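Per the numbering used here, the very first residue in the first sequence carries number 1; after that it's consecutive.
Notes follow once the structure below has been shown.
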Amino acid sequence: MTETTGWLFDVYPSSEGMVVWLLDDEGKPTAFVDRYEPYFYASGSREGLRLLRQRLSRIKVPIRTERVERTEFWSGRPLEVLKVSTPNLLAYGHLARVAGRLEGIELFNCDIPLPQVYLFERNLFPLARCRLDCDTEGRIGAMEALDSPWSTNYAIPPLRVMGLRIEGGGVNPNHSRRGRLEVELDGATYTLEPDDPAELIHTFNSLLESHDPDLIITEWGDSFIIPRLMSLSGAAGVPLLLNRDPRKQKVASRRARSYFTYGKTVYQAGARTLFGRWHVDRCNSFILGEAGLEGLFELARIAKIPVQRTARTSTGTCISNMQMELAVRDGILIPWRKRRAEEFKTGLELLTADKGGLTYQPVLGVHENVAEIDFSSMYPTIMATYNVSPETVGCACCRNAVPEINASTCQRREGLVPKTLRPILEKRARYKSLMQEAGSKKERGVYDRRQCAIKWMLVTCFGYLGYKNARFGKIEAHESVTAYGREKLLQAKEVAEARGFALLHALTDSLWVKKEGATETEYEALREEMARATGLPIGLEGVYLWIAFLPSKVSPKIPVPNRFVGVFTDGRVKIRGIEMRRSDMPPFVKKAQAEIVRVLSEAGSVEEIKAKVDDALEVLSGHLVELREGRVPLNELVIRKRLSKDPLSYKKKSILAEVAGELVSRGVALRPGEKVDYVITDFEGRSGGPRARAYATMDGSCGYDVGKYTGLLLEAAGTMLAPFGYDYQRLVEIAPLSA
DNA sequence: AAAGTACGGGG
DNA sequence: GTGTACGTACTTT
Numbered sequence: 001m002t003e004t005t006g007w008l009f010d011v012y013p014s015s016e017g018m019v020v021w022l023l024d025d026e027g028k029p030t031a032f033v034d035r036y037e038p039y040f041y042a043s044g045s046r047e048g049l050r051l052l053r054q055r056l057s058r059i060k061v062p063i064r065t066e067r068v069e070r071t072e073f074w075s076g077r078p079l080e081v082l083k084v085s086t087p088n089l090l091a092y093g094h095l096a097r098v099a100g101r102l103e104g105i106e107l108f109n110c111d112i113p114l115p116q117v118y119l120f121e122r123n124l125f126p127l128a129r130c131r132l133d134c135d136t137e138g139r140i141g142a143m144e145a146l147d148s149p150w151s152t153n154y155a156i157p158p159l160r161v162m163g164l165r166i167e168g169g170g171v172n173p174n175h176s177r178r179g180r181l182e183v184e185l186d187g188a189t190y191t192l193e194p195d196d197p198a199e200l201i202h203t204f205n206s207l208l209e210s211h212d213p214d215l216i217i218t219e220w221g222d223s224f225i226i227p228r229l230m231s232l233s234g235a236a237g238v239p240l241l242l243n244r245d246p247r248k249q250k251v252a253s254r255r256a257r258s259y260f261t262y263g264k265t266v267y268q269a270g271a272r273t274l275f276g277r278w279h280v281d282r283c284n285s286f287i288l289g290e291a292g293l294e295g296l297f298e299l300a301r302i303a304k305i306p307v308q309r310t311a312r313t314s315t316g317t318c319i320s321n322m323q324m325e326l327a328v329r330d331g332i333l334i335p336w337r338k339r340r341a342e343e344f345k346t347g348l349e350l351l352t353a354d355k356g357g358l359t360y361q362p363v364l365g366v367h368e369n370v371a372e373i374d375f376s377s378m379y380p381t382i383m384a385t386y387n388v389s390p391e392t393v394g395c396a397c398c399r400n401a402v403p404e405i406n407a408s409t410c411q412r413r414e415g416l417v418p419k420t421l422r423p424i425l426e427k428r429a430r431y432k433s434l435m436q437e438a439g440s441k442k443e444r445g446v447y448d449r450r451q452c453a454i455k456w457m458l459v460t461c462f463g464y465l466g467y468k469n470a471r472f473g474k475i476e477a478h479e480s481v482t483a484y485g486r487e488k489l490l491q492a493k494e495v496a497e498a499r500g501f502a503l504l505h506a507l508t509d510s511l512w513v514k515k516e517g518a519t520e521t522e523y524e525a526l527r528e529e530m531a532r533a534t535g536l537p538i539g540l541e542g543v544y545l546w547i548a549f550l551p552s553k554v555s556p557k558i559p560v561p562n563r564f565v566g567v568f569t570d571g572r573v574k575i576r577g578i579e580m581r582r583s584d585m586p587p588f589v590k591k592a593q594a595e596i597v598r599v600l601s602e603a604g605s606v607e608e609i610k611a612k613v614d615d616a617l618e619v620l621s622g623h624l625v626e627l628r629e630g631r632v633p634l635n636e637l638v639i640r641k642r643l644s645k646d647p648l649s650y651k652k653k654s655i656l657a658e659v660a661g662e663l664v665s666r667g668v669a670l671r672p673g674e675k676v677d678y679v680i681t682d683f684e685g686r687s688g689g690p691r692a693r694a695y696a697t698m699d700g701s702c703g704y705d706v707g708k709y710t711g712l713l714l715e716a717a718g719t720m721l722a723p724f725g726y727d728y729q730r731l732v733e734i735a736p737l738s739a
């Protein structure tokens, strides 16, 4: 037996067992194999289980069965089940599917990806520092993690990184369908010509061989680069050596899909993942874009999901996996899919229960010396504090009433959701305080990206609680959380008003309050009392020198929640709901509005703003001139929108539908949820030609619609300047001044 | 005016 | 292998 130490790099099933890759201290990779027997549980009648045994014995795969006692999730009561296991990892999925089709039995723990259960059972996690014993063939005898996923101070192995992209600066190559391949290694860039496929694949293979990267980071690798390399390799008859594992010839593919979530259709490109090496696609990974590699690694470690999968999964799936880990550890049976219907409720109860977060209309206009006080991670904290979990809500044993709605949460049994959330909340808090103490900007950045990744887990966790088909979800649990939330916000409001503060605005977990002449210390004392009264952590987001609650654009006398601009005493600017926050505004307009905001933010009071308005108008006129003279580069004018449906099924001929139709006619496959970039060339369609062009098909000679972009710019400027006397109409009147 | 379509929230 | 809101703004008919 030889002992090895290193970082756990990757885990995947093979015919011999689980393949486990380790990177040693120098970053040298080695593959080991671990024997492992995955299992599922079945419960049912004697006859049902007999039928199950009989059916499975007909499949030529070795299985073992054993009667064991586990805990039923919903009731918490013991249940005798049949444990069915097999040493054949590749046949496991088939066995579970066959069993799943049988009548009269119910399956548990049958649909968890094998690398994940393997990690649960071995108490390991991706990127864990590990020690293992193995024989001369690389078979693992014993293996253990030397650090904990809850550690905030861990080392990441030295990784060799290769970058891949298509030249052409950010254009989606699926839409432009042209451009050479750029390979980045150790700061050097190699450009590969596609004219001779055999030559290209040979060159690419030799770069892979000489640098042997652990991680390939691509832009559009899942949807374009890797599929294209594979087809070139096929056409040239030269094998592509992307995998590090010599036993695996092909890369793993998962189909692309469009799905509906949080009110919108999103598109996820098909995944192309590697064996013994990681491929992550910047353009197909939410968490990489949001929290960088540090955030990705943090999630992989705590959620115990291999890195390539973590990169492409939702943060909700991460938290769901953590719930499953706790369930496995505690012997709780994991339901295959949710079957529980919503419990009966009267119409009135539904009305009360479905209210969601509480909102108070803001007081329109500019206010000075306003404090913003926010509950920290309100919903997850409520779940953890009040033990709100699908299996604890509406339990028979307790009468611990949830405010407003007819529900209760169990006081005797800790719920799976709160149990999962507690260490996550605690770890995020530790990262936040480490950020305060950090010695360097770089160190602070690392902690920030890790806490950001965790934040996203917490955000989606609440959504999962309410989805009626979620594995660990129940609508009453969701409603209980919002009911507690409303009560807490109301309590905080009452504390403020009792102390003589006026409430200017409140939204779900945030309050904006003001008292004439109040000092920061007084606001801090108020925060303290709110925290005491509600029993939940609350933070003073800051004191605004001034804040403007902006009106609705449709009805200028009506305030809208969450549409404001404010400047804190420390100089920070906070903005919600206006054009520069929208992803479908062109960068040019967003930057111009940001510049106007910056100029106004130099004012420390309402009185001073008036003087700054003239400076803001200067900024505006500079941008107007730039537009009019045709000097704005096209990439600054790109509008990016998400297709909500198939390009051909649009009922109204919007610009987006038009551009998408044009791309489709050029042979581009566009799917619901995909984003399309375009530049408006002739909004009114006066030329008779296209009103807009797909950015991917444009070249330097194309012009843009000056009038339309001027309109967008004036709208954005008007949003900011209307409270100070310059609304859109007025700006249109004076715009010629700037010509 | 009505209907269709897109976006933000979270820190 | 996700997690099907809801209000505002703008465009199209």
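C-beta atoms are modelled at their ideal positions from N, C-alpha and C, and glycine is treated no differently.
What you are looking at is a predicted structure, and each value in this text was computed from that prediction instead of being measured.
Comparing alpha-carbon positions, which option in the options lies nearest residue i?
| i | options | result |
| --- | --- | --- |
| R628 | M143, S14, V417 and A735 | A735 |
| T460 | I201, S377, F73 and S687 | S377 |
| E579 | L670, G445, P13 and N562 | N562 |
| P551 | L364, P380 and L127 | L364 |
| Y709 | A269, F588 and E602 | F588 |
| A477 | Y386, G539, R450 and C397 | Y386 |
| Y728 | G661, L620, R642 and A401 | L620 |
| E16 | Y36, D10, R413 and A722 | Y36 |
| G535 | I382, R631, I424 and R412 | I382 |
| T317 | R471, V393, R247 and G331 | R471 |
Grouping DSSP H, G and I as helix and E and B as strand, with all else coil, what is residue i?
| i | result |
| --- | --- |
| W74 | coil |
| E608 | helix |
| Y695 | helix |
| F286 | helix |
| M1 | coil |
| G542 | strand |
| K474 | coil |
| P158 | coil |
| L643 | coil |
| C395 | coil |
| V307 | helix |
| A142 | strand |
| Q411 | coil |
| Y92 | helix |
| I166 | strand |
| P197 | helix |
Excluding the 5 residues flanking residue i on each side, which residues of the same chain have their C-beta closer than 7 Å to its C-beta?
| i | result |
| --- | --- |
| K455 | R428 |
| E602 | K612 |
Give me the DSSP bridge partner(s) of residue i.
| i | result |
| --- | --- |
| P390 | DSSP lists no partner for P390. |
| F549 | G365 and F564 |
| L8 | L22 |
| F40 | V84 |
| T30 | L22 |
| G17 | S14 |
Would you mind sorting residue i into buried or exposed? The rule is 16 or more other CB atoms within 10 Å of its CB.
| i | result |
| --- | --- |
| W546 | buried |
| S408 | buried |
| Q249 | exposed |
| V625 | exposed |
| F260 | exposed |
| H202 | exposed |
| T191 | exposed |
| R691 | buried |
| E137 | exposed |
| C397 | exposed |
| I772 | There is no way to answer for residue 772, as the model of the chain reaches only from 1 to 739. |
| Y262 | exposed |
| G187 | exposed |
| G673 | buried |
Quick one: residues in its chain with C-beta nearer than 8 Å to the C-beta of residue i, no 5 flanking neighbours on either side, listed in chain order?
| i | result |
| --- | --- |
| R430 | T152 |
| L102 | G48, L51, L52 and R55 |
For residue i, I'd like the list of residues in its chain whose CB is within less than 6 Å of its CB, leaving aside the five on either flank, ordered along the chain.
| i | result |
| --- | --- |
| I166 | P173 and G179 |
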